[in-house]
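Residue numbers (this note's numbering): 5 to 235. Note that the Cβ used here is the ideal one computed from N, Cα and C, for glycine as well. Here the structure is a predicted model, which means the values were calculated and not measured.
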Amino acid sequence: MAIGVLVLAAGSGSRLGASVPKAFVEVGGTTLLGYAVRAALSARNVGCVVVAAPADWVDAAIDVTEPLSRAYGIPVQVVPGGAERGDSVLAAVRWLPAECDLVLIHDAARAFATSALFDRVAAAVTADTPAVVPGEPVVDTIKTVDGNGFVVGTPNRALLRAVQTPQGFVRDVLLEAHAAYGSVATDDAGLVERLGRQVLVVAGESDAFKVTTPDDLARAHRLHPRDPSAP
Ligand code: CTP
Ligand code: MG
Numbered sequence: 005m006a007i008g009v010l011v012l013a014a015g016s017g018s019r020l021g022a023s024v025p026k027a028f029v030e031v032g033g034t035t036l037l038g039y040a041v042r043a044a045l046s047a048r049n050v051g052c053v054v055v056a057a058p059a060d061w062v063d064a065a066i067d068v069t070e071p072l073s074r075a076y077g078i079p080v081q082v083v084p085g086g087a088e089r090g091d092s093v094l095a096a097v098r099w100l101p102a103e104c105d106l107v108l109i110h111d112a113a114r115a116f117a118t119s120a121l122f123d124r125v126a127a128a129v130t131a132d133t134p135a136v137v138p139g140e141p142v143v144d145t146i147k148t149v150d151g152n153g154f155v156v157g158t159p160n161r162a163l164l165r166a167v168q169t170p171q172g173f174v175r176d177v178l179l180e181a182h183a184a185y186g187s188v189a190t191d192d193a194g195l196v197e198r199l200g201r202q203v204l205v206v207a208g209e210s211d212a213f214k215v216t217t218p219d220d221l222a223r224a225h226r227l228h229p230r231d232p233s234a235p
């Protein structure tokens, strides 16, 4: 089964507040996009990668991905993303070659997710379990609140998972979910849930943390002071 990976890198990174879109921020000499695409290309059975980049940054994204594509011998297509994350998914998914019947969707912002995580997610996708997401147990106690901040409930923490990417899908189920519900969910698995199909959570990893705020970027710099494969 050939796997197509969508790398979503079209966001602006407003909460990070850098001078370039978040995917183009460098850590240890490599952009977040570079780390994410390299992990995708290192995973098993990947036949193609499609990157959604900000419209003005398509050429810059090609500069990042072209050497990686050549090194791994796997095509990487860069396309302009859309206004919302879901729009970027739709912009990218249509470029997947027909033979890629399994799709992994990955946020460039989770740049340090390992290829082992891609493999674990992909291995768990089946016809009966058409959506698989990596997730980690939640350490904080979570409260649900009403509009005025009053607590309305305390979900059992043992049953909670903080989900990450890459998330894996049977391509046709992903397309059906997006056609039915559009870009309303912050994660694509949420759309598949609405279809009433099974979504499985497999073990995530701390490396797959999302770079959202300056504190997250500081953590990334601490963990990756220098990328050994950077030029
Ligand atoms: N993303 C995208 N297209 C969009 C919005 C987001 O491809 N229109 C991607 C981002 O590039 C990121 C991932 O979706 O890799 C997760 O989004 P998030 O962490 O929210 O990134 P940004 O939207 O860029 O950040 P912010 O919300 O702080 O502006
Ligand atoms: Mg965002």
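Asked: Completely contained beta strand (DSSP E) runs for the stretch 46-82, where each covers 3 or more residues; Found: 50-57
Asked: Bounding residues of the beta strand (DSSP E) (the contiguous stretch that carries V9); Found: A6 to L12
Asked: Residues near R198 in its chain [Cβ-Cβ closer than 6 Å; skip 5 each side]; Found: Y185
Asked: DSSP beta-bridge partners of L204; Found: V136
Asked: The ligand CTP heavy atom lying under 7 Å from the CB of L178; Found: no
Asked: Where P141 falls: helix, strand or coil (DSSP); Found: strand
Asked: Burial state of L72, where buried means 16 or more other Cβ atoms lie within 10 Å; Found: buried
Asked: Alpha helix (DSSP H) segment containing V177, residue limits; Found: R175 to Y185
Asked: K147 versus R165 - alpha carbon distance; Found: 14 Å
Asked: Rounded separation between D219 and G200 - CA only; Found: 37 Å
Asked: CA-to-CA distance, A120 to G139, given in whole angstroms; Found: 14 Å
Asked: Best match in V206, A40 and V174 for proximity to A4 [C-alpha to C-alpha]; Found: Any question about residue 4 goes unanswered here, given that the chain covers just 5 to 235.
Asked: K214 CB to nearest heavy atom of the ligand CTP below 7 Å; Found: yes
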